[in-house]
Structures are given as structure tokens and as C-alpha cells.
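Numbering of the sequence shown is given in the UniProt record's numbering, commencing with residue 1 and proceeding in unit increments. C-beta: ideal position from N, C-alpha, C; glycine also.
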Amino acid sequence: MPRMSQVGEKRGVEYLDAIRKLNGGVKDDDPKITVGFGYYFFLIVVIVLNLAIVKTAISQEVYAQTGFEEFSVGNLPKDWEVIGGDFEVSGDTVKTDKKALAILGGGDGDGLGVPIETENPIISVEFWVYIEGGGRSFNLKVATADGIGENTGCTYINWDAGIVRLYDGAAWQLIGDFETDTWKYVRVIADVGKSEFDFYVGDDRNDALGTKPEKGLPFRNAALGPVAKWVAFYTWGITAPGYVDDLLIYEGADPLDLAVDPNGKLTTLWGHVKQGL
Numbered sequence: 001m002p003r004m005s006q007v008g009e010k011r012g013v014e015y016l017d018a019i020r021k022l023n024g025g026v027k028d029d030d031p032k033i034t035v036g037f038g039y040y041f042f043l044i045v046v047i048v049l050n051l052a053i054v055k056t057a058i059s060q061e062v063y064a065q066t067g068f069e070e071f072s073v074g075n076l077p078k079d080w081e082v083i084g085g086d087f088e089v090s091g092d093t094v095k096t097d098k099k100a101l102a103i104l105g106g107g108d109g110d111g112l113g114v115p116i117e118t119e120n121p122i123i124s125v126e127f128w129v130y131i132e133g134g135g136r137s138f139n140l141k142v143a144t145a146d147g148i149g150e151n152t153g154c155t156y157i158n159w160d161a162g163i164v165r166l167y168d169g170a171a172w173q174l175i176g177d178f179e180t181d182t183w184k185y186v187r188v189i190a191d192v193g194k195s196e197f198d199f200y201v202g203d204d205r206n207d208a209l210g211t212k213p214e215k216g217l218p219f220r221n222a223a224l225g226p227v228a229k230w231v232a233f234y235t236w237g238i239t240a241p242g243y244v245d246d247l248l249i250y251e252g253a254d255p256l257d258l259a260v261d262p263n264g265k266l267t268t269l270w271g272h273v274k275q276g277l
């Protein structure tokens, strides 16, 4: 049985022979051997690093990513769960491109949401939001119940007359001031295992990601299960319309790598990698 050193020597010779062929059959003492080996070694390193970057970029599962451009104006987003309400895809108040989701009104308990199937207890939700001033607007729920109508075991975030607040199951708590009649970027990280969430807001995505968040905010009562099942927009006592654009829902607390496409919409890094393949 050959020693490991002999195996290594044999493979080294094989590598040198391969490099000689690639460089036109140069001799052992030719400097092209060193240059050629360095070039191909560098090329291999670059390929491995790029594969590692792609693997990282696609390792976070994305549950929803939409600027609502794929839906018809005046209609509801296809395949979303909807209960009552005055909801539609609109071209009137828009942040990027030509369409956004309008939450114009609804009865108590109305809403629409995106179903989620995950094993990860941490969910991130990002979107542009525009709240018309002067009254109570919609709620955001990252929910652990089986249906979007259940109000317990979820983030219960509400925009109301220049503030954003939460309901913890017993009382309203102020999250902070919230500017109305303008577009703001929001990021929510919901940790179902802790029944807590973090809240970020900024003038754009970079601003929101870089700002100091409100951390460890409570759910409306403890989560009903180990993972989230819905992200829903919900109405209760609504008097002020709100609008949502560039909705992004994904697993984990790390912000997803995004780029901006020619239309101004945010796209995942993986989308750009696929275009280049």
C-alpha cells in the first residue's frame, strides 16, 4: 500500500503534467509552470468563492416577494387569503413602478394575508408603507394561528394618527411616532419562539436597516405554535387608508441581499445571479 507522501507526489506530478499541456508542453524549469499553476489555482479559488456566495444568497427561503405589478389594477392579489374588506391593487398611490396594494377600508375582522410554510421560528417582513393621516389605519400580523382572522398569538401592529403602536393582549403600547402622508420603509423581525418582534423604520431600505430598532416588543399574547403561518394585513376600526409596496417575506433575522432592477423594484441577489448564468 503506497504511503500518503507517495500519493501526494503522484498527484503533484499529475497536476504539473496537466499544466504543461495547458501551457503548450513547457519544461519543468520553465517559469510558465509557476505562472500557469498560479493562474489556474486563482481561477479555482474564484469559482469556489462564487459558489459559496450563491449558496449563502439562496440559503434563506423567500416566502413572498412582490411589487404587485403581476396583478391587475382593481383586483385582489391572486392566491392570497381574503376576508371581506375594501382591498385592491391600485395605481393611484405607488412608491415604485406602477402598482401597490391599497387597504382602503374594511369591517372589524376583515383582512388579507400570505400563507407561510416554514420550520424556522424567525420571520422577517419588509415593505414600503404609506399611511394617510387623520385616523386609525390597518394592522400588521405575523400570525401563528391556523386562520388570518385569529387575533391572538401574533404581532399586532397598528398605525394610528401619526403613531405606530402594538397591542399586547391587555393594553396598547406605543412603538413610536410615524410620519403620515409619505412613504416609509418598515422591517419587522418576528421571533415566534420568544413571542417577540423587532421594529425598524426608515426613509428607505438602507436607512431602515441601519437605524436602531425597537427590540423585544411583545406579541399579542404568546404564540400559538412554534412557527408563523401567516403574514396578514388586518382591519379593525379603520378610518384612514394605507398602501403597501414591495412586500418581502423571508426566513431568519439576517437581511436579504437585494439589488434594484431597472424599474426600481427590489430583487433578490439570486435573481441577478440567475440572469448572469
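- Here Ser59 is exposed, its C-beta having fewer than 16 other C-beta atoms within 10 Å.
- Measuring C-alpha to C-alpha distances from Asn221 to each of Asp97, Phe127, Tyr156 identifies Tyr156 as the nearest.
- If the five residues before and after Glu119 are omitted, its C-beta is found closer than 7 Å to the C-beta atoms of Val227, all from its own chain and listed in chain order.
- Going by DSSP, Arg136 is part of the beta strand (DSSP E) stretching over 136–143.
- Buried is the label assigned to Glu126, since at least 16 other Cβ atoms lie within 10 Å of its Cβ.
- With fewer than 16 other Cβ atoms from the protein chains shown falling within 10 Å of its own Cβ, Ser72 counts as exposed.
- Per DSSP, Ile116 has no beta-bridge partner at all.
- Here Glu251 is buried, its C-beta having at least 16 other C-beta atoms within 10 Å.
- With a contact defined as Cβ atoms closer than 8 Å, Gly74 and Glu88 qualify at about 6 Å.
- Shown here, Ala64 sits in a strand according to DSSP, grouped into three states.
- Relative to the Cα of Arg205, the nearest Cα in the group Leu258, Tyr243, Glu132 belongs to Leu258.
- Under the DSSP assignment, Leu166 falls in the beta strand (DSSP E) whose first and last residues are 163–167.
- A contact between stretches requires three or more CB pairs, one per stretch, nearer than 8 Å, and the region 238–255 meets this requirement with the region 89–107.
- Your pair Phe197 and Leu224 does not check out as a contact, with CB atoms roughly 15 Å apart and the cut at 8 Å.
- Annotation: Asp198 is outside any alpha helix (DSSP H); the continuous beta strand (DSSP E) that includes it extends over 196–202.
- In this structure, the straight-line span from the alpha carbon of Leu209 to that of Glu132 is close to 24 Å.
- For Gly169, same chain residues with a beta-carbon under 6 Å away, outside a window of 5 residues either side, are Arg220, Asn221 in chain order.
- Scanning Trp230, Asn158, Ala253 for the CA closest to the CA of Pro115 turns up Trp230.
- In this structure, the straight-line span from the alpha carbon of Cys154 to that of Lys98 is close to 32 Å.
- Gly176 carries a strand assignment under DSSP once its states are collapsed to helix, strand and coil.
- In this structure, Gly85 and Asp110 form a Cβ contact; the two beta carbons are roughly 4 Å apart against a cut-off of 8 Å.
- A straight line joining the alpha-carbon of Gly202 with that of Val186 spans about 7 Å.
- By DSSP's assignment, Arg220 forms a beta bridge with Cys154.
- Residues Ala145, Gly169, Arg220, Asn221, Leu224 of the same chain have their beta carbon placed closer than 8 Å to that of Thr152, with the five preceding and five following residues left out of the count.
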